[in-house]
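Structure, as C-alpha cells:
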Amino acid sequence: MKLVYTHENRLMVLNVRNILSDHGIEVVVNKEYASSAAGGLAPIDTWPEVWIVNDDDFGSSMNIIESLDVELKTAMWQCRECLEMNDETFDYCWNCKRDKY
Ligand SMILES: [Zn+2]
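Using numbering that gives the first Met the number 0, the first residue of the sequence shown is number 0, and each one after it goes up by one.
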C-alpha cells in the first residue's frame, strides 16, 4: 500500500480514484468522509487519501496523476465567495452553497 494522492476536496480525490481504476490500478480511498465529520475546513490530516494496493503501480500512478492534475484543475471552477474548488457539474459551491454564476 502506498499513498499516491491527497486533497482537501473529496471530489478531486474521487476523480483520481476513478481514473486510476480505469487504468486497471487497484486503489483504496481512506478517510473519504472525515472532512465532513470534522465540519468546516478540514485540517490536512483529515484530507481523504488515495492509496494504491500494489506498490508496483506507484510509478505509473504518479505519471497518470501528474498528467491529470492540470486537467482536473481546468475542469473545475472556483467559488467567488469562499474560494473552494468545485466540480464543473456542480451549480452551487459544495462548501458555502453559493451559486456558480
Ligand atoms: Zn463557496
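C-beta atoms are modelled at their ideal positions from N, C-alpha and C, and glycine is treated no differently.
Check, Outcome
"Hey, would you say the C-beta of Glu87 is under 7 Å away from at least one heavy atom of ligand 1?", "no"
"What distance in whole Å lies between the Cβ atoms of Leu67 and Val15, which are believed to be in contact at a cut-off of 8 Å?", "7 Å"
"Three or more beta-carbon pairs under 8 Å between the segment 43 to 50 and the segment 22 to 30, yes or no?", "yes"
"Here's the rule: buried if 16 or more other CB atoms are within 10 angstroms of the residue's CB, otherwise exposed. What is Asn17?", "exposed"
"Determine the direct distance from the alpha carbon of Asn85 to that of Cys78, and round the result to whole angstroms.", "7 Å"
"With DSSP run on the structure shown, which of helix, strand or coil describes Met101?", "A query on residue 101 cannot be resolved here, the shown segment of the chain reaching from 0 to 100 and no further."
"How about Asn94: is its Cβ closer than 7 Å to a heavy atom in ligand 1?", "yes"
"To which residues of the same chain is Glu80 closer than 6 Å at the C-beta, ignoring the five residues directly before and after it?", "Cys95, Arg97"
"Have a look at Met61 and Glu7 and give me their C-alpha separation to the nearest angstrom.", "18 Å"
"So, is Val52 buried or exposed, given that buried needs 16 or more other C-beta atoms within 10 angstroms?", "exposed"
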